[in-house]
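*Asks:* Right, I'll just put the structure down here and ask away after.
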Amino acid sequence: MRVLIYYLPPLQSLDSQNEARNSNNEQRTIIMENMQKKTLNILKSILQALFVIVIFIFLGRTLVTNWNRLDFSLSEINYLYVFLSLTFFAIAWITAAISWGYITEKLKKPLGYKQAIKIWVLSQSARYIPGSVWQVFGRVYMGEKKGLGKGETLASVAIETSNLIISSVLVFLISIPFWTKTSGIVRYYPYLGASLLVFGFLHPRLFNGVTNFFIHRLDRKEKNAFYNFGEIIKMLLPYVAVWVIFGLGFYFLIVSFKGVYAVNLAVATGIFALSWVIGFLFVIAPGGLGAREIALVYFLAFYVNNPQAVLLAIFSRVLMMVAELIVILMALSFRVQK
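Those letters in the sequence shown? Residues 1 to 338, per the working numbering, in order.
Structure (structure tokens):
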């Protein structure tokens, strides 16, 4: 008789083989997920670039085909008003940076205003990079270098974003009684009514809950933050000032063109604030590029002709970017204590 002897591998060997297979499967899953994320990011970047290109082609075509309706020459521009517009835009950027510094102070992590301006303006300059997150990453990284916890920095960005949205809606609503031509926006009143829901974020329970969610998102060891209604309003009010200053800059840009006096200061401020919100919420547009200009053209067209509205929208973007560059150069010159 022949005896067949089969070799059975030890159980420990089988377990290690299964662990190896599971590990390989997990690695493949991670690689596939990373590839999918990279592909989606590339597609998103392409869509963002195409969106901006299409919008500015449309604006440029509108401007060129209607150039004869402009009644405009460079010699008729009031350059003093252009300078005032640039100055107010620069002051508005600085005020926004200081407002964020005030939020970090309320989070018990005071930076000093020079340092806050430097971190804010440098991180903001990344918002035009497709991806919509680089400015947040930049601020978290630079904030950590200066002693801010990652979670606290992320929470400060969340508070800042909510304050910008709420204050811009508030400024626009305040401007409505000063509109002399309201027929175009009457149909949007239901949406404006719905926008009042954003003020619910000012309730301490919701405000503190969202703030602490972001604080612990990146750092679970950080302590909870608690603010009463008065403290929340104090963090909001500086952003109302930001929109008023931006509105001054936009108003002086409008009146720098000869014969364009139909838009008053309140309306200019309301249009600018609402257009920013539209650009911000249109996530496919990096830095609101293109979306904000379309919104400006739409609302300005209640008071001026389309080519003038297009020219003002484009000029406002250019002046804002020049003002931002000035503030960035100023921030880079700051010498702050380590």
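Glycine included, each C-beta is placed from N, C-alpha and C at the ideal position. Keep in mind the model is a prediction, meaning the values are calculated, not measured.
Following the continuous alpha helix (DSSP H) through A125, name the residue where it begins and the one where it ends.
*Replies:* In the sequence under discussion, the amino acid at residue 125 is Ser, which differs from the Ala named in the question. Per DSSP, S125 belongs to no alpha helix (DSSP H) and is neither H nor E.
*Asks:* On a CA-only basis, which of T161, A291, K258 is nearest E239? Give me that one, please.
*Replies:* In the sequence as displayed, the identity of residue 239 is Tyr instead of Glu. Measuring from the Cα of Y239, the nearest candidate turns out to be T161.
*Asks:* Can you give the Cα-Cα distance for L265 and Y81, rounded to whole angstroms?
*Replies:* 14 angstroms
*Asks:* The alpha helix (DSSP H) spanning T269 covers which residue range?
*Replies:* Run containing T269: 265-281, per the alpha helix (DSSP H) assignment.
*Asks:* For the alpha helix (DSSP H) that L340 lies in, which residues bound it at each end?
*Replies:* Because residue 340 is not part of the residues shown, which for the chain are 1 to 338, the question remains open.
*Asks:* In whole angstroms, give me the CA-to-CA distance for S156 and G290.
*Replies:* Roughly 27 angstroms separates the two Cα atoms.
*Asks:* In whole angstroms, what is the alpha-carbon distance linking T269 and L148?
*Replies:* 34 angstroms
*Asks:* Tell me which residues share the same chain as Y102 and place their Cβ nearer than 7 angstroms to its Cβ, disregarding the 5 neighbours each side in the sequence.
*Replies:* M235, P238
*Asks:* If you reduce the DSSP assignment to three classes, tell me which class S333 lands in.
*Replies:* coil
*Asks:* Quick check: the Cα distance between L173 and A273, rounded to an integer number of angstroms?
*Replies:* Cα to Cα, L173 sits roughly 10 angstroms from A273.
*Asks:* Under a three-way DSSP split, which group does A97 fall into?
*Replies:* helix
*Asks:* Among V169, N208, V210, G143, which residue has its Cα nearest to the Cα of V198?
*Replies:* V169
*Asks:* Which residues bound the alpha helix (DSSP H) around W243?
*Replies:* 229-255
*Asks:* Between F246 and the rest of its own chain, which residues show a CB-CB distance below 6 angstroms, the 5 nearest in sequence each way excluded?
*Replies:* A92, F272
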